[in-house]
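With the UniProt record's numbering, the residue at position 27 of the sequence shown is 27, and numbering never jumps.
Here a beta-carbon is modelled for each residue, glycine too, at the ideal position from N, C-alpha and C.
Since this is a predicted model, take the numbers as computed values, not measurements.
What follows is a single structure, written as structure tokens, with notes after it.
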Amino acid sequence: MDIESFTRVHPIAYVHIAYAVVWGLHFGYALWIAVQWRKTPKV
């Protein structure tokens, strides 16, 4: 089953994909910030 037919039958899949992308970007950004914060010397 290809992506086109899946999304045509299940339009909600677009919402799930969008949520997954946004959550992934948010988690990656938070992880990057945590790493940068650890690398900075504490005063």
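For residue i, three-class secondary structure by DSSP
| i | result |
| --- | --- |
| residue 16 | helix |
| residue 26 | helix |
Other residues of its chain near residue i: CB distance less than 6 Å, five sequence neighbours each side excluded
| i | result |
| --- | --- |
| residue 38 | none |
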